[in-house]
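J.:
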Amino acid sequence: MNGPQVIHARNNWGLKLPSGKDQNPLPAAVEISPPEELTVLLKQSPGGISLPMVKVGQKVFKGQKIAGPARNTFGSFLHAPVSGTVTSIIEANDSAHIKRAIIIANDGLDTVHDDCTPISNPFQRSPRFIRKHIAEGGIVGLGGALFPAAIKLNPAPGIKTLLINGVECEPYINCDNQLLQQYPERVLSGTQLMLHVLGAEEAVIAIEQDMVHALISMQAATDALNDPRIRVVSVPDVYPAGGERQLIEIITGLQVPHGGLPADLGVICQNAGTAAAIDQWINSGEPLISRMVTVCGNATAAAQNFVVRIGTPIAAIVNALQATDVSRVIIGGSMMGVTADSTAEPISKASNCIILSSGDNFSPAPEEMPCIRCGDCVPVCPARINPQLLLESMSTNNTRQSEALGALDCIDCGCCDYVCPSGIDLTARFKIAKQTIWEQHLLAIRAERSQQRFADHEKRWLTASNEERETLDAQTAGFHDVQANSKSALDDMLKRLNSPTPDDGTLKDEPRKNDEADQ
Amino acid sequence: MSFLSSSPAPHQHSQRNVAQMMRDVLLAMFPVSLMLCWTYGWGVLLNILFAASCCWLLEAAALKIRGRNLQPWLTDGSAPLTGVLLALALPPLTPWWLIVIASLFAIVFAKHLYGGLGYNLFNPAMAGYAVLLISFPAYMAWWPDLSAGSSLNDTLHYFLYGTAAADALSGATPLDALQTGLKQMQTLPELVANGTLATAGSAEWVWINLAAIAGGLFLLMRRTITWQIPAGVILGLTLSALIAWIGDAAVNPSPWLQLVSGGTMIGVFFIATDPVSSASTPKGKLIYGAGIGLLTYVIRTWGAYPDGFAFAVLLMNLAVPLIDRYTRPTLYGQVQ
Ligand code: SF4
Ligand code: SF4
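Chains A and B, in that order, are what the protein sequence lines are. Quick note: the first sequence uses my numbering, first residue 1, plus one each step. Quick note: the second sequence uses my numbering, first residue 520, plus one each step.
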């Protein structure tokens, strides 16, 4: 029996941060019992919009589909996290604080919907069927971006490696650590399913070196499974080693080409949580209606992981834990998390961590001074931006130069911000710069490419069969909503539009009988 | 519904700030200041205190005139730091009005006319010192004679009136002595043999430089400065000196002599590393430092001034925008 392969740091970007995590084996995570009322957001991520499939007053069962992806967005299917009644549907233009959401009154029975059945013998099914089923289960990338897993599992041919991202490098977040310790078999089974869908040769499960117990349990489960395609590697505990492109660089030593996708290197990256969610759906019949959430911060007793239903308001968690004096809530980790406006905000598929603080829990940034050009921000940037020069270009409103200096490549990791002795909120400013550049770009892109391509797609869609429509939809998915999303999302979009439809190819290679069986 | 306090990510920060960095540098200069006082007497202390207060007051005046808040600028420590750096560059006996002139140039012209902290192109202390070097070369070349020793009274007298008994000022730094001697066609072995270097305090200056190195190591340990600039300067100076020295050891000072005669190490660790006026990328810092080293050697060897460090720094300040542009790291994914 071999231990996990240890990968050493090749780069000097990033930060060594105090992890703020528990280094002991984690006790089993318990579920926070679902509250009386749940708020399922219809806009789970900036680029993902779902449209309601239920009406106010309708009775729903646990696991029942209540919303489906809006055409041309990266939305996903949403399912009722509990059984109960839809009490209201909040639209985008409502004056309510929370917008676009389905409110469900919990009947407390957790009656499961009939659709929630496992797939028997999934490996006998066609990749296409499994992929479609994954989409039905509302499975999205749980690393934070919430990119629909099924779209990502449908790349151009030639994928060699499936990279399972179990590198939880951001301080405080501990939910993948829990998953890897408590349910290594689920992660492995999800990994095998994805290997099947992708037809990839190998899967690499990457775990941060200081997640010792996750490494031990994952390695033991991998040894027990004895699938020669799957191996566990330990990566340096550098923040942000868990960024998709950063992790690929650490593991392969290669950088994803600028403007390209990991698939260009033959790699597809999925979060460990996503793998477990796929297993949960295919093998247990439970769609993505709950997730592992780390709850920590000085307003709670101790950091702990809980299984929480999607749609549980933060207030319900605060109540359940009897946290007092909560004056600030961060959804996510201490480096990239966003502050919640109110405790009425619910858990979304992306909420990996909730930090409940009373007073100021963190070391605040020093009072802002002008940039003293110390250059400390330069070596830490994983995107290899010179943040100091970028800041300078922004102060002169030179968007063209900002772009040339890599503004769009900024991954918002906050490393530059963290080290800046002048206390400049570089990350927040770069987000604004990106927004401005994208707005300009989108105008141009809309004018040129979209007119052409889009018209073609629309025409084809009208005459296409149902199957083809799906492919076409996948190709144009997200097009209307990318400005708020990352650059890679749009790159991905354009690539998809320009590529021959990969699904057409795979369809032909597959034995017909499977497809018939699937219908 | 409760509305909570919000702030943009990241929520966590390192515990560093500008004022603390400046304080670190001030602290790091303590050993070398002490050593200079030990060697040259009260004048050094007087210079330091006077220059620091002068710069601080001028900073306040400049802020006032520019209509800026006095906070946080007056407590960030950058103005007194400029004063101390200036004082360490000056001869231990300098009349007060020269210090006022230098401080004025440093703080008002080199710093505030460019926009204040963070925006200055030139190293303020070196800009102020350079003005004195050019305008009052005689004052800048007079160093107290080590053997004479100066009382507090004499020092004050000179400080106030700029005159003193002539023999008390016949001294020079080892670097001056070296340069003058070489210009008079003496060879190095001769200068050593006839004691010129020893009289000028070559042994004492080794200690002064060692004290500066101690402070520099402290700054490196505290990560207030990075290793690239000091390494660059030392490398640049050593290599150029080494080549010449190997060529003809009789007339070219050894790299060791170059490094420990005069305040080279003060420059290496405290002056060249001024963040604002130096390069900001790791590679750029190396190049910037090496440039200073090389130019220092060139000016020392062929220039009219005994120590070229100040001019080397100012010249390299000019090159910084260019260096920064060409040493930008390659964006992720653009590596060929
Ligand atoms: S510039 Fe962007 S990617 Fe680089 S360190 Fe700052 S936040 Fe991270
Ligand atoms: S870390 Fe801050 S002060 Fe230093 S160069 Fe970067 S932006 Fe400027």
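We put the CB at the ideal spot given by N, CA and C, even for glycine. Just so it is clear, the structure is predicted and the values come from calculations on it, not from any experiment.
(1) Mind checking if A:Q255 is an interface residue toward chain B, Cβ cutoff 9 Å exclusive?
(2) Taking the C-alpha atoms as reference points, what is the distance between B:L593 and A:I90?
(3) Taking only heavy atoms of ligand 4 into account, decide whether any of them is closer than 8 Å to the Cβ of A:A383.
(4) Is there a Cβ from chain A that is less than 9 Å from the Cβ of B:R587?
(5) On the three-state DSSP scale, how would you describe A:M369?
(6) Taking only beta-carbon positions, decide if B:G808 is within less than 9 Å of chain A.
(7) To which residues of the same chain is A:A277 closer than 6 Å at the C-beta, ignoring the five residues directly before and after it?
(8) Apart from the five residues on each side of it in sequence, which residues of its chain come closer than 7 Å, Cβ to Cβ, to A:A484?
(9) Could you tell me if the beta carbon of B:I748 falls within a distance shorter than 8 Å of some heavy atom in ligand 2?
(10) Does DSSP put A:R186 in a helix, in a strand, or in coil?
(11) Determine, using beta carbons only, whether B:A625 comes closer than 9 Å to chain A.
(12) Could you tell me which residues DSSP puts in a beta bridge with A:S363?
(13) Look at the Cβ atom of A:I372, then the Cβ atom of B:G637, and state whether they are nearer than 9 Å.
(14) Identify whether B:V795 lies in helix, strand or coil by the three-state DSSP scheme.
(15) Consult DSSP for B:Y851 and reduce its assignment to one of helix, strand or coil.
(16) So, A:L153 versus A:I251, is the Cβ gap smaller than 9 Å?
(17) Can you find at least 3 beta carbon pairs, one from the stretch 543–560 of chain B and one from the stretch 721–728 of chain B, that sit closer than 8 Å?
(18) What is the rounded straight-line gap between the Cα of B:P527 and the Cα of A:V167?
(19) Comparing the C-beta of B:M659 with each C-beta of chain A, is any distance below 9 Å?
(20) Is it the case that the CB of A:I411 approaches a heavy atom of ligand 1 more closely than 8 Å?
(21) So which of A:A214, A:I230 and A:I216 has the shortest CA-CA distance to A:E202?
(22) Is A:C415 near ligand 1, judged by its Cβ being under 8 Å from some heavy atom?
(23) Kindly give me the distance between the Cβ atoms of A:M194 and A:L162, rounded to whole angstroms, as I take these residues to be in contact under 8 Å.
(24) On a CA-only basis, which of B:F789, B:I618, B:S622 and B:T613 is nearest B:R542? Give me that one, please.
(25) Please confirm if A:T274 has its CB atom under 9 Å from at least one CB of chain B.
(26) So, at 7 Å on beta carbons, what are the nonlocal neighbours of A:A275 in its own chain, with the 5 sequence-adjacent residues on each side left out?
(27) Between which two residues does the beta strand (DSSP E) holding A:K152 run?
(28) Which residues does DSSP pair with A:L15 in a beta bridge?
(29) Specify whether the stretch 648–666 of chain B and the stretch 608–623 of chain B touch according to this definition: at least 3 beta carbon pairs, one from each stretch, less than 8 Å apart.
(30) My output table needs one value for A:G3: the three-state DSSP class, helix, strand or coil.
(31) Counting Cβ pairs, one atom from each stretch, are 3 or more of them under 8 Å apart for the stretch 379–390 of chain A and the stretch 342–360 of chain A?
(32) When you compare the CB of A:K431 with every CB in chain B, is at least one pair closer than 9 Å?
(33) In chain A, what lies closer than 8 Å to B:V779 by C-beta?
(34) Can you say whether A:L109 is buried or exposed, counting buried as having 16 or more other CB atoms within 10 angstroms of its CB?
(35) State buried or exposed for A:A517, treating a residue as buried only when at least 16 other CB atoms are found within 10 Å of its CB.
T.: On the basis of the data shown:
(1) yes
(2) 53 Å
(3) Although ligand 4 was asked about, the structure shown includes only ligand 1 and ligand 2 as ligands.
(4) no
(5) coil
(6) no
(7) I139 and L288
(8) The pLDDT assigned to A:A484 is 39, lower than 50, so where the model puts this residue is not dependable; a value taken from the coordinates is nonetheless given after this. Hits under 7 Å: P46 and G47.
(9) no
(10) helix
(11) no
(12) In the DSSP output, where bridge partners are listed per residue, A:S363 has none listed.
(13) yes
(14) coil
(15) coil
(16) no
(17) yes
(18) 24 Å
(19) no
(20) yes
(21) A:I230
(22) yes
(23) 6 Å
(24) B:F789
(25) no
(26) I164, V187, G190, T191 and M194
(27) From DSSP, A:K152 is part of no beta strand (DSSP E) but of the alpha helix (DSSP H) over A149 to K152.
(28) A:Y239
(29) yes
(30) coil
(31) no
(32) yes
(33) Within 8 Å Cβ-Cβ: nothing; B:V779 doesn't reach chain A, min ~28 Å.
(34) exposed
(35) Unreliable positioning characterises A:A517 in this predicted model, as indicated by a pLDDT of 36, which lies under 50. A coordinate reading is not provided.
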